[in-house]
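One structure is given here, and the rest of the page talks about it.
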Amino acid sequence: MISGIKIYKGDGTLKQEINKEEALQLYNDANREAWDLSPTERKRWNSLITEDPTPYISSGNGNRNGIKPWIKRSHKWNKQYKLNCVICKKEIIRANSQAKTCSNECKNTHIRNMRKERRS
Ligand SMILES: [Zn+2]
1 MISGIKIYKG
11 DGTLKQEINK
21 EEALQLYNDA
31 NREAWDLSPT
41 ERKRWNSLIT
51 EDPTPYISSG
61 NGNRNGIKPW
71 IKRSHKWNKQ
81 YKLNCVICKK
91 EIIRANSQAK
101 TCSNECKNTH
111 IRNMRKERRS
C-alpha cells in the first residue's frame with residue numbers, strides 16, 4: 001500500500017509532495033525496472049538461494065546438522081585438467097590445475113628433486 005510521498009529539503013522544508021495517484025504511477029509495473037532488481041542483481045540474488053527444498057543433510061544419527069543450508073555449495077568437481085606428470089610424463093587428469101605428479105611415488109621423487117635443486 002502506497003500513500004502520498006512527501007519530499008523534504010535538507011533544511012526540513014517541504015520540497016515536493018507526490019500524491020497517492022502519482023506515487024502509484026511511479027511504482028506501477030510499467031516503471032518496474034526503476035525499482036525492481038536489475039537482471040544482474042536478480043541473478044545474483046537467485047544464486048544466493050539454494051534450490052534444494054530440503055537443504056539439511058542428515059548426518060545419519062537423526063540430527064539435521066549436516067550441510068548448513070545457507071551455504072551454497074558451488075564447488076563442483078566438473079573441471080578437469082589434462083596434465084603431464086613432471087616425473088614420468090604420463091598423462092593425468094586432475095580437478096586441480098596445479099597438480100604435478102601422477103602418483104605418490106612420483107610426488108615423492110618430485111619433492112626430492114625440488115630439495116636437491118634448492119641445495120645446489
Ligand atoms: Zn608420474
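Just so you know, the working numbering puts the end of the sequence shown at 120, numbered straight through with nothing missing.
Glycine included, each C-beta is placed from N, C-alpha and C at the ideal position.
query, result
"What does Arg94 pair with, by DSSP beta-bridge criteria?", "Tyr81"
"Please classify Lys20: does DSSP put it in a helix, a strand, or coil?", "helix"
"Could you tell me whether the Cβ atoms of Cys106 and Ile93 are closer together than 8 Å?", "no"
"May I ask you to report which of helix, strand or coil DSSP gives Lys100?", "coil"
"Within its chain, find whatever has a CB closer than 7 Å to the CB of Lys79; leave out the 5 residues flanking it on each side and keep chain order.", "Ala95"
"Determine the burial state of Thr101: buried for a count of at least 16 other Cβ atoms within 10 Å of its Cβ, exposed for fewer.", "buried"
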